[in-house]
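Student:
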Amino acid sequence: MSYQKTFESAVEMLRGRWMIVVLAALSTEDQLQYREIRDRVNEGEVRPGNGDDISPLSDQSLTKTLKRAQDHGLVRLHADEGHFKPTWYELTRKGAEALRAVRPLIEWMHRYETAPNQ
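For the sequence shown, the tail end lands on 117 under numbering that gives the first Met the number 0, and the numbers increase by one without skipping.
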């Protein structure tokens with residue numbers, strides 16, 4: 000696959016407002032339940048100085064993000080059998096590697112967002 004196609008595939012896999020944030024939340028524990036992921040993401044999004052215009056991660060957005068992450072092999076779902084049993088999500092090796100690969104880009108952005116003309 001060409002460099003451009005590979006790049007486009009990576010961007011497609013990680014696109015969306017919540018994908019990287021959800022992967023980051025999952026990287027803090029071996030496994031998390033749905034509500035724990037949502038709560039961690041939303042706690043991280045509401046920080047002093049972020050302003051009041053930050054909308055929280057909704058259940059609908061989290062469900063779609065987790066489904067896409069599973070489809071791409073970034074997240075694994077563990078569900079106990081039976082009704083009303085806990086469901087756990089964990090970051091796969093591929094997901095952890097994707098998160099590590101994005102870190103330099105985030106650091107680059109932090110460096111230049113405060114001094115855009117440097």
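Positions of the beta carbon are idealized from the N, C-alpha and C atoms, including for glycine.
1. Check whether the Cβ atoms of Tyr88 and Ile36 sit closer than 9 Å, and answer yes or no.
2. Starting from Leu90 and walking both ways along the beta strand (DSSP E), at which residues does that stretch end?
3. Within 10 angstroms of its Cβ, does Val10 collect 16 or more other Cβ (buried), or is it exposed?
4. Verify the CB distance criterion: does Leu98 have a CB-CB separation below 9 Å to chain D?
5. Can the beta-carbon of Ala100 be found less than 9 Å from the beta-carbon of Leu73?
6. Specify the secondary structure class of Ala23 as computed by DSSP and reduced to three states.
7. Rounded to whole angstroms, what is the Cα-Cα separation between Thr64 and Asp29?
8. Following the continuous beta strand (DSSP E) through Ala114, name the residue where it begins and the one where it ends.
Tutor: From the atom records:
1. Numbered from 1 along the sequence shown, position 89 holds the residue referred to as residue 88. Numbered from 1 along the sequence shown, position 37 holds the residue referred to as residue 36. By the CB criterion at 9 Å, Tyr88 and Ile36 fall inside the cutoff.
2. By 1-based counting over the sequence shown, the position of residue 90 is 91. Taken as a continuous stretch (DSSP letters only), the beta strand (DSSP E) holding Leu90 covers 86-90.
3. Along the sequence shown, one-based indexing puts residue 10 at 11. Val10 comes out exposed.
4. This model lacks chain D altogether, as it is built from one protein chain only.
5. Locating residue 100 in the sequence shown gives position 101, counting from the first residue. Locating residue 73 in the sequence shown gives position 74, counting from the first residue. Their beta carbons are not under 9 Å apart, which means Ala100 does not touch Leu73 by this criterion.
6. For the purposes of this step, residue 23 is identified with residue 24 of the sequence shown, where counting begins at 1. Three-state result, Ala23: helix.
7. Mapped onto the sequence shown, residue 64 falls at position 65. Mapped onto the sequence shown, residue 29 falls at position 30. Cα-Cα distance, rounded: 19 Å.
8. What you label residue 114 is simply residue 115 of the sequence shown in a count that begins at 1. Taken as a continuous stretch (DSSP letters only), Ala114 belongs to no beta strand (DSSP E), as it is neither H nor E.
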